[in-house]
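Novice:
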Amino acid sequence: MDLGYGGKNQVLGEAVSSAILRQTQAQEAAINDELAQYDSLLEAGDSDLEALRARRLAQMKRGAEQKAKWRDLGHGTYAALGEGQHGGDVAREFFDASKKSERMVVHFHRPSTRMCDVFHRHMEKLAPRHLETRFVKINVEGCGKDGGGGGASFLVEKLGIVVMPTILIVKDRKAHHHIRGFDELGGTDDFSTEALEFVIGMHGGLTLREDAEPPKELLEAKGVNDMRIRKIGGGSHRGAYGKSEDFDED
110 MDLGYGGKNQ
120 VLGEAVSSAI
130 LRQTQAQEAA
140 INDELAQYDS
150 LLEAGDSDLE
160 ALRARRLAQM
170 KRGAEQKAKW
180 RDLGHGTYAA
190 LGEGQHGGDV
200 AREFFDASKK
210 SERMVVHFHR
220 PSTRMCDVFH
230 RHMEKLAPRH
240 LETRFVKINV
250 EGCGKDGGGG
260 GASFLVEKLG
270 IVVMPTILIV
280 KDRKAHHHIR
290 GFDELGGTDD
300 FSTEALEFVI
310 GMHGGLTLRE
320 DAEPPKELLE
330 AKGVNDMRIR
340 KIGGGSHRGA
350 YGKSEDFDED
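If you read the sequence shown in this note's numbering, its first letter stands for residue 110, the second for the next number, and so on.
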């Protein structure tokens, strides 16, 4: 469907339209669910209310246990793996972490590259917001020089890290997507944490709210044209086109 944005910006138009539709549907669903809950409570007897309370408590317990498990794995913080190129175990630590966490957002950075500091600030904020994802950083200073860099050099070559800074999204032990520099964020370093959150979420690196909308700064920039919003089976699923790449430790 042509939304009148022109061929070059058709993806942008589809993103706007899909976001508005998702928000409207989410609001309607929330209202219907709330009304249904009120109706159920009015019609419920004592035994029904007790069963409802038990199910709710069990649900809360499972949620608390899952959060505790994530925190034990390092979720909720933005931490360094291997402490840079001198940490001989950085590659092993990366692979071990990818086995334990279903989703990881990995920032490959160099202390000497100022632009990496921009990602550091935003990742520090996102980590505690999204316990479902582990946020880590790997220092690659000195990689590729005279064979230096140790395990970090191995990861740089293995995972195709060619631009600083690069954020790698790992899902189910697969290298799912690279965010190289700031191109997907409008080509500027003056983007918000919410913009980075949305882009990572579009690629499946974290869970976005069902009613999440693309930040205005992305809609006004070219970065959103690198993303897609697709509908599968009647539900909205946000992700990037393209396949994930398997990686192993050899």
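Virtual Cβ for every residue (Gly too), placed ideally from N, Cα, C.
Tell me whether ALA138 sits in a helix, a strand or coil according to DSSP, three-state version.
Specialist: helix
Novice: Assuming contact is defined by CB atoms lying nearer than 7 Å, are GLY295 and ALA330 in contact in what I supplied?
Specialist: yes
Novice: Could you give the distance in angstroms between the alpha-carbon of LYS267 and the alpha-carbon of ARG318?
Specialist: 33 Å
Novice: Shortest alpha-carbon distance to ALA139 belongs to which of ASP355, ASP320, LEU327 and LEU328?
Specialist: ASP320
Novice: If you reduce the DSSP assignment to three classes, tell me which class MET336 lands in.
Specialist: Caution is warranted here: a pLDDT of 47 is assigned to MET336, below 50, making its placement in the model unreliable, and the coordinate value is therefore given only provisionally. If DSSP states are grouped into helix, strand and coil, MET336 belongs with coil.
Novice: Hey, out of GLU250, ASP205 and HIS216, whose CA is closest to ILE309's CA?
Specialist: HIS216
Novice: Cutting at 8 Å between CB atoms, please list the residues of its own chain near ILE247, excluding the five before and the five after it.
Specialist: Here ILE247 has ALA189, LEU190, GLY191, GLY193, VAL199, PHE203, VAL215, HIS216, PHE217, HIS218, ALA261 and LEU264 as same chain residues with Cβ atoms under 8 Å from its own Cβ, once five neighbours each way along the sequence are excluded.
Novice: Compute the distance between the beta-carbons of GLU303 and PRO324, then report whether it is under 7 Å.
Specialist: Yes. Within cutoff.
Novice: With distances taken between CB atoms, is the gap from THR242 to LEU315 smaller than 7 Å?
Specialist: yes
Novice: Is ILE270 helix, strand or coil when you go by DSSP?
Specialist: It is coil, neither helix nor strand.
Novice: Could you spell out where the beta strand (DSSP E) holding VAL279 opens and where it closes?
Specialist: 275-280
Novice: Within 10 angstroms of its Cβ, does GLY343 collect 16 or more other Cβ (buried), or is it exposed?
Specialist: At GLY343 the pLDDT is 35, less than 50, meaning the model places this residue with poor confidence and gives no usable figure here.
Novice: With a floor of 4 residues, list each alpha helix (DSSP H) that falls wholly inside the stretch 160-226, ordered by position along the chain.
Specialist: 199-209
Novice: Since ARG289 sits in a beta bridge, which residues does DSSP pair it with?
Specialist: DSSP, once it has assigned bridges, lists THR275 as partnering ARG289.
Novice: If you draw a straight line from the alpha carbon of VAL272 to that of ALA177, how long is it in whole angstroms?
Specialist: 35 Å
Novice: Using only the alpha-carbon positions, how far apart do VAL227 and HIS312 sit?
Specialist: 20 Å
Novice: Taking the alpha helix (DSSP H) that PHE307 falls in, what are its first and last residues?
Specialist: Here the alpha helix (DSSP H) through PHE307 covers 302-311.
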